[in-house]
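The working numbering runs 9 ahead of the 1-based position in the sequence shown. The block underneath contains the structure these notes are about, expressed in structure tokens.
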Amino acid sequence: MNQERELKDEAHTNEKIDLIRGDPKVAIRAIAWPMILTLVLNMIYNMVDRIWVAGLGSDPLAALGFVTPLFIIIGGLANGFGAGANSLISRYIGAKNTPEASNSALHGVLIALVLSILIPIILLPSLNGLLNIMGASSVLSYAKPYATIIIIGSFTIIFNGILSSELRAEGDVKRATIALAFTGILNMIIDPIFIYTLGLGVNGAAIATIISAFVATALMIYWMFIKKDTYVTLTKQAFTYSNKIMKQLIAVALPASLEQLIISLISIILNALIAMVASTVIVAGFTAAFSIVQVGMMTSVGIGTAAITVAGVAYGARDFDKVKTACHYSIKLSMIVAILIVIIMEIFAPQLALLFSYSSTSANLGPIISEILRIVALFLVAIPIGLCCANVFQGIGKGTISLVLTLFRELILVIVFAVLFIFVLGMGHYGVYWGMVLGSAIGSILGIIVFESYLKRIIKLNN
């Protein structure tokens with residue numbers, strides 16, 4: 010019976026490997042849709058988290074908001090190093106070098122262990138100062154214990170980001186999705202229990218988050234280290250420390266982590282620009298509208314993440330036509346879905362605005378959110394080209410190029426055009442929205458030009 014199960018597991022693993030080594034279009038679709046589901050679920054559970062905390066009053070909700078940047082930094086490190094592990098494992102799978110793929114996966118686990126130890130050691134002693142710098146002094150009694158729980162349990166966030174990426178690297182997107190989706194669903198269920206039933210308040214929200222994340226960590230550790238039915242071999246014997254592997258992993262991971270921080274930073278800067286020329290009501294309207302747009306962005310992010318694995322495998326096999334197909338198809342698929350989402354947002358903007366203006370106190374926000382949403386929604390068709398190109402560069406191990414493209418697309422060009430439209434052309438807060446759209450569009454065009462140029466050079470060198 011055990012032998013029969015092992016043969017079935019091996020056949021299933023081989024199917025997944027054949028999938029990511031096969032037609033890039035089929036592989037991207039297979040990996041992307043579960044990834045999108047996971048991302049959307051996580052966004053929903055973050056919103057639900059805030060809704061439950063909002064019931065405690067404005068101070069606990071503000072405390073959660075002040076701690077969010079720390080959460081983003083930890084999540085950015087997890088996703089960044091996950092992208093690094095994904096890229097390297099995929100390339101070795103493409104090169105049919107299973108021992109190095111296994112060793113790379115174990116180096117990813119080593120990094121997860123190191124980060125899990127370093128993050129609390131660095132952040133906990135300086136937490137008071139950090140929270141004061143971030144403006145949380147007035148709600149420190151809520152923010153500090155909440156942040157302390159999140160930091161102590163940050164190992165779950167780190168391991169989930171890296172282990173799920175390693176599963177996706179070998180095409181096992183199903184189990185990566187199950188683990189992370191279960192986290193989101195469980196968190197939504199136990200949040201009110203810990204916050205209200207057990208009377209733990211905002212601390213209960215943090216505990217619920219870490220417990221839910223730990224369940225996903227435990228599931229993936231069981232699959233990868235106890236059941237041992239993955240393509241890569243995760244045993245002590247398969248590990249040999251290698252500076253080369255560590256450098257290759259970090260070469261993608263650090264730029265990818267910085268990209269996450271850049272994307273977070275741009276929201277802060279755009280809010281500040283709006284506040285210079287408009288009231289806080291307009292800032293609130295933009296915050297709500299962009300929250301809706303961010304849900305729509307998850308399709309492009311999911312498809313782009315799938316492209317990391319598929320491009321990495323193709324690059325490892327030195328099949329540059331498949332690398333090109335992975336990039337072009339991920340762009341095409343992202344654009345088709347983005348256009349459909351934009352059409353829906355343009356038509357149903359007033360109805361979507363009701364999500365944030367349903368009460369008598371916020372009813373005045375409805376028309377403002379609707380108007381802003383109809384402009385900002387165009388951002389969704391401006392980003393797929395640049396995003397997918399950046400992800401493909403991560404997949405082939407060129408993290409620095411990916412970072413530079415993201416820096417230009419998400420930060421420099423957007424801010425330059427926003428400032429130009431606001432202060433030179435006198436467009437007021439509308440200049441921020443059109444700056445986002447135009448800056449991202451030009452950055453995306455730059456991305457595809459750089460990708461095509463780089464690929465031609467690589468093909469020429471290999472011929």
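Just so you know, even glycine gets a beta-carbon here, dropped at the ideal spot from N, CA and C. All values reported here derive from a predicted model rather than from experimental measurement.
- Shown here, Phe168 sits in a helix according to DSSP, grouped into three states.
- The alpha-carbon separation between Tyr367 and Val62 amounts to approximately 18 Å.
- In terms of CA proximity to Ala287, Gly437 leads the group Gln257, Arg100, Gly437 and Leu73.
- Here Gly64 is exposed. Its C-beta has fewer than 16 other C-beta atoms within 10 Å.
- Per DSSP, the continuous alpha helix (DSSP H) segment holding Asp58 begins and ends at Pro33 to Ala63.
- The continuous alpha helix (DSSP H) containing Phe329 extends over residues Phe329 to Ile356.
- The shortest C-alpha to C-alpha distance from Ala222 to any of Trp232, Phe164 and Ala391 is the one to Phe164.
- Residue burial is scored here from C-beta neighbours: Ser453 has at least 16 other C-beta atoms within 10 angstroms and is therefore classed as buried.
- Look at His116 here: in three-state DSSP terms it is helix.
- Out of Gly210, Ala225, Leu207 and Ala293, the CA that lies nearest to the CA of Thr186 is found in Ala225.
- The way I'd put it, the segment 397–416 does touch the segment 458–466; three or more beta-carbon pairs between them come closer than 8 Å.
- Counting along the chain, the unbroken alpha helix (DSSP H) around Tyr324 starts and ends at Thr289 to Gly325.
- Bounds of the alpha helix (DSSP H) holding Asp200 are Val182 to Pro201.
- Along the length of the segment 371–418, whole alpha helix (DSSP H) runs at least 4 residues long occupy 374–385, 388–391, 393–404 and 408–415, reported in chain order.
- In the DSSP assignment, Val459 falls within the alpha helix (DSSP H) that extends over Tyr439 to Asn471.
- For Pro264, the three-state secondary structure derived from DSSP is helix.
- With three or more CB-CB distances shorter than 8 Å, the segment 145–158 counts as touching the segment 200–217.
- For Ser150, the secondary structure class from DSSP, reduced to helix, strand or coil, is helix.
- Under the three-state reduction of DSSP output, Tyr101 falls in the helix class.
- In the DSSP assignment, Gly162 falls outside any alpha helix (DSSP H) and carries neither an H nor an E.
- The beta carbon of Ala386 is closer than 7 Å to those of Val302, Val351, Met354 and Glu355 in its chain, skipping five residues each way along the sequence.
- Here the C-alpha atom of Leu416 lies approximately 42 Å from the C-alpha atom of Ile202.
- Cα atoms of Gln246 and Ser125: separation of roughly 23 Å, rounded to the nearest angstrom.
- Around the beta carbon of Asn95, 16 or more other beta carbons sit within 10 angstroms, so the residue counts as buried.
- In this chain, Met233 is not harboured by any alpha helix (DSSP H), its DSSP state being neither H nor E.
- Around the beta carbon of Asn141, fewer than 16 other beta carbons lie within 10 angstroms, which makes this residue exposed.
- For Gly138, the uninterrupted alpha helix (DSSP H) run begins and ends at Leu136 to Ile142, by DSSP.
- Contact between Thr296 and Asn400 does not hold, since the beta-carbon distance rounds to 27 Å and is not under 8 Å.
- Scanning Thr334, Ser147 and Ile272 for the CA closest to the CA of Asp32 turns up Thr334.
- Comparing alpha-carbon positions, the option among Pro264, Lys256 and Phe168 lying closest to Ile219 turns out to be Phe168.
- Using a Cβ distance threshold of 8 Å, Val423 and Ile271 do not count as a contacting pair.
- The residues Tyr101, in chain order, have a CB closer than 6 Å to that of Glu109 in the same chain once the five nearest residues on each side in sequence are set aside.
- In the three-state DSSP reduction, Met436 falls in the coil class, being neither helix nor strand.
- Proximity of the segment 245–259 to the segment 65–78 falls short of the contact definition, fewer than three beta-carbon pairs being nearer than 8 Å.
- Counting other Cβ atoms within 10 Å of its Cβ, Gly395 reaches 16 or more and is therefore classed as buried.
- The alpha-carbon of Ile348 is positioned some 31 Å away from that of Leu86.
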